[in-house]
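Numbering (the numbering used here), first residue to last: 527 to 686.
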């Protein structure tokens with residue numbers, strides 16, 4: 527399913543359940559929020575997106591303790607969960623999705639390869655993160671991240 531089709535389904539689900547969504551993005555640089563707001567009428571359910579690319583912006587904008595980033599790394603389950611939790615709080619939304627990862631071509635380590643992505647979600651059901659390793663170019667990794675974040679958001683909304 528294309529990102530556009532996924533956004534339509536997500537929009538329909540949010541509107542029918544009277545729910546709102548927000549995002550906290552790192553490697554996608556605002557692409558998730560852009561995909562959601564590409565549809566007319568998105569102001570009815572989209573509260574906002576924080577693009578927090580640097581560790582400092584994660585702390586300053588989202589309130590993520592740098593100690594958490596230093597302990598687990600910016601690309602980690604713990605940080606993805608905290609990003610989603612913070613976006614949900616800041617934007618007073620019903621659901622929030624987040625992403626952090628290594629789009630490449632550089633930035634990989636021995637334990638964190640290019641393409642490693644964590645997508646977080648926060649709602650009244652709780653918080654969790656999903657780990658992926660996407661193949662391909664920088665653009666491929668970012669595009670797959672957007673697709674999966676939208677899919678996760680749709681699943682979360684459908685379960686509420």
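We treat Cβ as the ideally placed atom computed from N, Cα and C, and that holds for glycine.
Measuring alpha carbon to alpha carbon, tell me which of the options ends up nearest residue i.
i           : options            : result
residue 549 : 619, 528, 541      : 619
residue 666 : 628, 622, 573      : 628
residue 623 : 670, 676, 585, 664 : 676
residue 684 : 557, 608, 650, 560 : 650
residue 530 : 597, 672, 682, 636 : 672
residue 668 : 609, 635, 596, 557 : 557
residue 631 : 564, 610, 625, 664 : 664
residue 528 : 674, 661, 636, 582 : 674
residue 678 : 661, 662, 648      : 648
residue 544 : 636, 568, 584      : 568
I need the DSSP call for residue i, collapsed to helix, strand or coil.
i           : result
residue 628 : coil
residue 601 : coil
residue 607 : helix
residue 589 : coil
residue 618 : coil
residue 532 : helix
How would you write the range of the beta strand (DSSP E) that residue i sits in, first residue to last?
i           : result
residue 551 : 547-551
residue 649 : 642-649
With a threshold of 8 Å, establish whether the CB of residue i neighbours any heavy atom of the ligand MG.
i           : result
residue 537 : As presented, the structure is devoid of all ligands, the ligand MG included, so that no description of it is given.
Which residues share a DSSP beta bridge with residue i?
i           : result
residue 572 : 547
residue 659 : 642
residue 623 : 549, 647
residue 654 : 647
residue 577 : 551
State the start and end residues of the unbroken alpha helix (DSSP H) segment that holds residue i.
i           : result
residue 672 : 664-685
residue 563 : 557-563
residue 636 : No alpha helix (DSSP H) holds residue 636; DSSP gives it neither H nor E.
Are the region 531-541 and the region 653-665 touching, with three or more C-beta to C-beta distances below 8 Å? no
Taking contact to mean 3 or more Cβ pairs, one atom from each stretch, closer than 8 Å, check whether the region 549-558 and the region 569-583 are in contact. yes
Does the region 612-626 come close enough to the region 587-602 to have 3 or more Cβ pairs within less than 8 Å? yes
Spell out a yes or no on whether the region 630-647 and the region 590-606 are touching, meaning 3 or more CB-CB pairs, one atom from each, closer than 8 Å. yes
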